[in-house]
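Let me begin by presenting the structure, written as structure tokens, before commenting on it.
Residue numbers (my numbering): 13 to 86.
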């Protein structure tokens, strides 16, 4: 998934802080707000525990990339 790849790059400081990093973060925000993102992200889960674990991991990846509700609200 493109969103996860970009999240990883943002979290690993692959972008220089500033315009390019902000653009990458905004693109991640765009991808994760698409209606099909969450269903496709959770497609391989079989139990509620699996889904909860993946959602917690997604939140952790977003925070590591510097993306939170405040950033997405811009």
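Using N, Cα and C, we set each Cβ at its ideal position, and we do this for glycine too.
Taking the alpha-carbon of residue i as reference, which of the options has the nearest alpha-carbon?
| i | options | result |
| --- | --- | --- |
| residue 41 | 31, 18, 29, 54 | 18 |
Could you give the C-beta distance for residue i and residue j, rounded to a whole number, given that I count them as a contact under 8 Å?
| i | j | result |
| --- | --- | --- |
| residue 14 | residue 43 | 6 Å |
| residue 66 | residue 54 | 6 Å |
What residues in its chain sit with their C-beta under 7 Å from that of residue i, if we drop five residues either side in the sequence?
| i | result |
| --- | --- |
| residue 63 | 54, 57 |
| residue 77 | 19, 22, 23, 37, 40 |
For residue i, which residues in the same chain have their Cβ closer than 6 Å to its Cβ, ignoring the five residues on either side in sequence?
| i | result |
| --- | --- |
| residue 25 | none |
Within the continuous alpha helix (DSSP H) that includes residue i, where are the two ends?
| i | result |
| --- | --- |
| residue 15 | 14-23 |
| residue 34 | 31-44 |
| residue 139 | Look at the range of the chain in this structure, 13 to 86, and you will see that residue 139 is not part of it. |
Report all residues from its chain with a CB closer than 8 Å to the CB of residue i; omit the five preceding and five following residues, and keep chain order.
| i | result |
| --- | --- |
| residue 35 | none |
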